[in-house]
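Input: a single structure, listed below in structure tokens.
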């Protein structure tokens with residue numbers, strides 16, 4: 001009985017294999033013929049050329065774009081420098097040994113593009129670079145065209161209603177120190193164009 005079952009199993013396996021054989025032959029027949037080494041190499045070289053060309057094109061685009069951006073940035077920088085130089089020339093003023101209060105008053109920032117003079121501790125500064133502070137409607141316009149020493153020392157503005165009027169007393173040590181701090185700051189930012197001439201008693 002056992003031998004009969006074994007024989008039947010063997011027949012079943014043989015039948016299965018024989019049935020699959022035609023399918024295997026068809027599948028093998030559909031496979032493309034193997035390509036030659038030369039053809040494969042040619043395809044690889046073509047692919048390498050495509051990749052390399054794309055990379056080079058990208059690099060050239062980047063270089064050209066960056067070069068154009070650099071040229072435009074340089075052009076804008078040159079134009080801005082020219083505008084600043086023209087503004088500096090219009091706002092410059094010839095230094096002189098001394099300035100009177102009446103002379104300072106003529107440069108109170110009314111001419112937005114012209115010189116703006118301010119006196120501080122006996123020196124006269126041309127503060128045109130900060131014209132947005134000292135021109136009319138600027139927060140420190142009260143100092144422009146006059147001796148601003150006491151306003152700076154007391155950290156107050158003459159037109160500021162939140163502070164009482166200046167009592168005219170001599171400056172305290174703390175106020176003198178505050179004034180010197182302002183003068184030091186002005187010297188780092190603005191041109192000194194002379195000394196302030198005080199009225200004689």
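Numbering (this note's numbering), first residue to last: 1 to 201. Built from N, CA and C at the ideal position, the CB exists for glycine as well. Quick caveat: nothing in here was measured; it's all calculated off a predicted structure.
Shown here, residue 120 sits in a strand according to DSSP, grouped into three states.
Residue 145 and residue 197 have their alpha carbons spaced roughly 14 Å apart. Less than 8 Å separates the beta-carbon of residue 148 from that of residue 120. Assignment of beta-bridge partners to residue 126 by DSSP yields 117 and 191. In the three-state reduction of the DSSP assignment, residue 98 falls in the strand class.
When rounded, the separation of the alpha-carbon atoms in residue 193 and residue 60 is 53 Å.
For residue 163, there is no enclosing alpha helix (DSSP H), since its DSSP letter is neither H nor E. Counting C-beta atoms within 10 angstroms of its own C-beta, residue 108 has 16 or more neighbours from the protein chains shown and is therefore classed as buried. In the structure shown, the three-state DSSP call for residue 167 is coil. With at least 16 other beta carbons inside 10 angstroms of its own, residue 190 counts as buried. Between residue 124 and residue 195, the beta carbon gap of about 7 Å places them in contact (Cβ cut-off 8 Å).
Taking 8 Å as the upper bound for CB-CB distance, residue 135 and residue 163 are not in contact here, some 22 Å apart.
Within 10 angstroms of the beta-carbon of residue 91 lie 16 or more other beta-carbons, which makes it buried. Straight-line spacing of the CA atoms in residue 122 and residue 101 works out to 11 Å.
Judged by beta-carbon spacing, residue 152 lies within the 8 Å limit of residue 179, meaning their Cβ atoms are closer than that value. Residue 86 and residue 184 have their C-alpha atoms some 27 Å from each other.
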